[in-house]
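The structure appears below as structure tokens.
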Amino acid sequence: MGAQLRVYKRRIRSVTATKKITKAMEMIAASRVVKAQRKVAASTPYATELTRAVTAVAGGSNTKHPLTNESENPTRAAVLLLTSDRGLAGAFNSNAIKAAEKLTAQLEAEGKEVVTYIVGRRGVAHYNFRERKIAESFTGFTDEPSYADAKKVAAPLIEAIETETAEGGVDELHLVYTEFVSMMTQTAIEARLLPLSLDEVAAEAKPKGEILPLFDFEPSAEDVLDALLPRYVESRIYNALLQSAASKHAATRRAMKSATDNAGELIETLTRLANQARQAEITQEISEIVGGASALADATAGSDR
């Protein structure tokens with residue numbers, strides 16, 4: 018019984034230490050998700066106004082631009098997958114990876130060659146383990162992405178979309194990331210960034226009933242598109258990085274809270290088992306004492322006769 022009691026006490030100490038760690042991680046994630054939410058809210062007005070400007074230029078002119086015109090027979094598509102550098106976030110990374118794999122299968126079924134770009138060590142590790150080709154990867158900033166990080170990610174993608182497919186370029190650019198809906202809900206989604214679908218972009222940039230302002234294009238609409246569209250891609254990727262970061266922190270908070278609660282329940286169970294083992298040990302000791310006293314009393318009574 019003594020050995021069993023020591024085992025329970027050792028497990029209680031171990032689980033208690035783990036509970037302290039998961040509780041601390043839960044609190045850290047809770048503070049980070051609030052900061053990430055603020056960054057998402059701060060980036061939205063810029064992205065909205067930039068989208069309006071792009072819509073005005075692309076829709077208000079007859080300019081044929083390679084970033085707005087769909088190819089008649091697209092053959093290559095780039096997919097940018099956003100994951101995290103760290104785990105301990107439940108199904109956050111696996112859901113994003115599944116969405117990317119589903120999109121890849123869909124594009125390949127349409128006869129397109131898929132070129133994959135990945136942000137985050139978890140996504141890179143997943144593809145490397147399965148020996149899948151990665152065009153380029155970016156790591157080290159997923160918890161707190163900056164606009165400079167978004168520019169670094171966007172640069173090779175913009176270059177690829179501007180390059181002819183015969184020379185290694187792509188016809189389409191797709192983005193897979195996790196949208197932050199609430200502290201309890203984060204959804205892995207995919208969106209086509211390029212070429213622009215003007216109807217969809219206009220609906221996104223202009224709420225129902227609102228009239229877009231008029232613009233004059235100098236020196237030309239094509240030059241304006243050359244300047245605006247890279248910024249558009251950067252802003253969309255930046256917003257997606259912030260959404261993904263907020264989602265990851267929310268998922269980590271939820272996972273760590275679950276782990277902390279489970280640790281508390283396990284400690285209660287182990288404590289109950291330890292108490293039962295201790296009671297059984299005490300009962301056995303009392304039984305041995307009573308039995309010894311009875312045997313001694315019987316022996317004494319026999320000698321008195």
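Add 17 to a position in the sequence shown, counting from 1, and you land on the number used in my numbering. Backbone N, C-alpha and C fix where the C-beta goes; we use that ideal spot for every residue, glycine too.
Determine which residues share a DSSP beta bridge with residue i and list them.
i      : result
Gln203 : Phe197
Val96  : Thr133, His191
Leu211 : Leu190
For residue i, which of the options has the nearest alpha-carbon?
i      : options                        : result
Ala238 : Ala20, Ile45, Ala73, Lys36     : Ala73
Ala257 : Gln54, Ala106, Thr180, Ala294  : Gln54
Arg103 : His143, Lys129, Lys26          : His143
Met9   : Lys52, Ser101, Glu130, Ala94   : The shown model of the chain, from 18 to 322, leaves out residue 9, and the question about it has no answer.
Leu210 : Val170, Pro236, Ile254         : Ile254
Arg149 : Ala183, Val141, Phe109         : Val141
Arg138 : Glu125, Glu153, Gln293, Leu124 : Glu153
Ser101 : Ala94, Val50, Thr156, Val241   : Thr156
Val96  : Lys129, Pro236, Ile284         : Lys129
Gly185 : Arg93, Ala126, Leu313, Ile284  : Arg93
Ser264 : Val32, Val24, Ile29, Leu105    : Leu105
His266 : Val198, Glu127, Glu179, Leu124 : Val198
Ile38  : Ala183, Ala126, Ala280, Phe109 : Ala280
Tyr134 : Asp243, Tyr194, Pro236, Ser31  : Tyr194
Asn110 : Ile299, Ala244, Glu196         : Glu196
Ile29  : Ala312, Glu282, Leu313, Thr317 : Glu282
Asp243 : Ser31, Ala126, Glu179, Ser304  : Glu179
Ala208 : Val307, Leu124, Phe146, Phe158 : Leu124
Leu213 : Leu245, Glu235, Pro236         : Leu245
Rounded to whole angstroms, how far is the Cβ of residue i from the Cβ of residue j, which I believe are closer than 8 Å?
i      : j      : result
Val57  : Leu259 : 5 Å
Val132 : Val187 : 6 Å
Ala326 : Asp160 : Residue 326 lies beyond the stretch modelled for the chain, which goes from 18 to 322, so this question has no answer here.
Ala294 : Leu22  : 5 Å
Glu189 : Pro91  : 6 Å
Ile284 : Thr33  : 6 Å
Leu98  : Val50  : Going by Cβ atoms, the distance from Leu98 to Val50 rounds to 21 Å, so no, they are not a contact pair.
Thr277 : Lys36  : 6 Å
message: If contact is defined by three or more beta carbon pairs under 8 Å, each pair taking one atom from either stretch, is the stretch 270 to 282 in contact with the stretch 29 to 48?
response: yes
Touch test, the stretch 56 to 68 against the stretch 240 to 258, Cβ-Cβ under 8 Å, three pairs minimum: yes
field: Within the stretch 128 to 160, ranges of the beta strand (DSSP E) (whole runs, at least 3 residues)
entry: 130 to 136, 153 to 155
- request: Indicate whether the contact test is met: 3 or more Cβ pairs, each with one atom in the stretch 201 to 212 and one in the stretch 283 to 294, closer than 8 Å.
  value: no
query: Would the stretch 102 to 122 and the stretch 171 to 182 be scored as touching if the rule is three or more Cβ pairs under 8 Å?
result: no
field: the stretch 272 to 281 contacting the stretch 56 to 66, beta-carbon criterion three pairs below 8 Å
entry: no
message: Report the start-end ranges of each beta strand (DSSP E) in the stretch 224 to 283 that is 3 residues or longer and not cut off at the edges.
response: none
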